[in-house]
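Line by line, the protein sequences give chains A and B. The first sequence begins at 12 in my numbering and counts up one residue at a time. The second sequence begins at 161 in my numbering and counts up one residue at a time. Structure first, commentary second.
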Amino acid sequence: MPALDGQLIALSVFSVIALGAALMVVNLRNIVHCAYFLALTLISTAAIYIILSADFVGIAQILIYGGAVTVLLVFAIMLTRLPGDEEAVYNTWRPFAAFLAAGISIMLVTLVYKTPWGLGQPAAKGMDLQLFSEMLFGKYLVPFEAISLVLLAAMVGAIYLAKKGDED
Amino acid sequence: MLELSLAVSAVLFSIGIFGLLSRRNAIMVLMSLELMLNAANINFITFSLYRSSPEGQLFALFVIAVAAAEVGLGLGILLRLVKLRKTLNLDELDILKW
Numbered sequence: 012m013p014a015l016d017g018q019l020i021a022l023s024v025f026s027v028i029a030l031g032a033a034l035m036v037v038n039l040r041n042i043v044h045c046a047y048f049l050a051l052t053l054i055s056t057a058a059i060y061i062i063l064s065a066d067f068v069g070i071a072q073i074l075i076y077g078g079a080v081t082v083l084l085v086f087a088i089m090l091t092r093l094p095g096d097e098e099a100v101y102n103t104w105r106p107f108a109a110f111l112a113a114g115i116s117i118m119l120v121t122l123v124y125k126t127p128w129g130l131g132q133p134a135a136k137g138m139d140l141q142l143f144s145e146m147l148f149g150k151y152l153v154p155f156e157a158i159s160l161v162l163l164a165a166m167v168g169a170i171y172l173a174k175k176g177d178e179d
Numbered sequence: 161m162l163e164l165s166l167a168v169s170a171v172l173f174s175i176g177i178f179g180l181l182s183r184r185n186a187i188m189v190l191m192s193l194e195l196m197l198n199a200a201n202i203n204f205i206t207f208s209l210y211r212s213s214p215e216g217q218l219f220a221l222f223v224i225a226v227a228a229a230e231v232g233l234g235l236g237i238l239l240r241l242v243k244l245r246k247t248l249n250l251d252e253l254d255i256l257k258w
């Protein structure tokens, strides 16, 4: 199937971009560069979602992560710049952390390739957005409303925490 | 394609763990957390596609919303912390340690 091969190539390309940018995020010393590479990772992840025919989630990812979260992170980084930030970027656990992360990734990848998934091929036409929205506003209406309450509470809490305090 | 996207998600998750454990700056720890949440989302969406059920995408959407709330609140706390303690180094923020 040539169409599926195109999907596979696109998925590989965006996976390489996402993983490379993620490696830059955790290894660069300048934290502003880290934030920009995080944006690149998040946008390539959105591309991966779209390739896996989750169009709506991909667009939401670009809007929320690529836009809002990245801008928020860059603002926070610029507001919290301290002298001597870039001298001791890593803590003493770094070799152990690298060992642990490599071990976990090797274990999980081996597990993924050894498991007989038995799920077959995905439906050719992809995901039905109407079914998605009916489920979101039907079966999952209560979690949806709960999420909006969570967002409201987080917004109020963030404003309260970040506003100028006069006690010190 | 199933194995490839699951493997990408696993590697992204491990990179997130590495960043979480190895960085000193609290904002970097939040960013590594975002990487790990995205890895979980890739898994949700892959299984949603292969099981032909939109529930995986719904949960990915919920994860995105909760992560946005978490970033907003976390950065608010960090701004406060910089004002009070003049540091974001997690090795020095040990006031709760006994």
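Heads up, the beta-carbon is just placed ideally off N, CA and C, and yes, glycines get one too.
Neighbour flag for residue i against chain B, beta carbons, 8 angstroms
i: P13/A; result: In this prediction, P13/A has a pLDDT of 48, which is less than 50 and means its spatial position is unreliable; what the coordinates show is noted afterwards. With 8 angstroms as the cut-off, P13/A does not count as an interface residue toward chain B.
i: L212/A; result: Shown here, chain A extends from 12 to 179; a query on residue 212/A therefore has no answer.
i: G31/A; result: no
i: A50/A; result: no
i: I158/A; result: yes
i: R105/A; result: yes
i: N41/A; result: no
i: Y124/A; result: yes
i: A99/A; result: yes
i: V24/A; result: no
i: I75/A; result: yes
i: I88/A; result: yes
Residue i classed as buried or exposed, judged by whether at least 16 other C-beta atoms fall within 10 angstroms
i: T103/A; result: exposed
i: P214/B; result: buried
i: I88/A; result: buried
i: M12/A; result: Because the pLDDT of M12/A is 41, which lies under 50, any placement of that residue in the model is unreliable, and the number read from its coordinates should be weighed accordingly. Classification for M12/A: exposed.
i: N41/A; result: exposed
i: R245/B; result: exposed
i: A65/A; result: buried
i: L256/B; result: exposed
i: I20/A; result: exposed
i: L233/B; result: buried
i: G176/B; result: buried
Same chain, Cβ closer than 7 angstroms to residue i, neighbours up to 5 away in sequence not counted
i: N198/B; result: L172
i: Y210/B; result: L162
i: M188/B; result: G179
Own chain residues within Cβ distance below 8 angstroms of residue i, not counting five before or after
i: V223/B; result: L197, A200, N201 and F204
i: A220/B; result: N201, F204, I205 and S208
i: G77/A; result: A50, L53, I54 and A57
i: A170/B; result: A199
Proximal chain A residues relative to residue i, where beta-carbon distance stays under 8 angstroms
i: L218/B; result: F143, M146, L147 and Y151
i: I177/B; result: A108, L111, A112 and I115
i: K246/B; result: L93
Min CB distance residue i to chain A below 8 angstroms
i: V189/B; result: no
i: D254/B; result: no
i: A200/B; result: no
i: L195/B; result: yes
Contact set between residue i and chain B, taken where Cβ atoms lie within less than 7 angstroms
i: G129/A; result: Those do not exist, as G129/A stays about 10 angstroms from chain B at its closest Cβ, beyond 7 angstroms.
Close-in-space but distant-in-sequence residues of the same chain around residue i (CB under 6 angstroms, 5 per side omitted)
i: S116/A; result: none
i: V36/A; result: C45, F48 and L49
Within chain B, the residues that residue i reaches when beta carbons sit closer than 8 angstroms
i: G168/A; result: L233 and G236
i: Y60/A; result: N201, I202, I205 and A220
Contacts that residue i makes with chain B (C-beta to C-beta distance below 9 angstroms)
i: A21/A; result: Within chain B, no residue comes near A21/A; the closest Cβ sits about 10 angstroms away, beyond 9 angstroms.
* To do: Counting only runs of 3+ residues fully inside the stretch 46-115 of chain A, write out the beta strand (DSSP E) ranges in chain order.
  => none
* **Continuous beta strand (DSSP E) assignments of at least 3 residues falling wholly in the stretch 167-216 of chain B** => none
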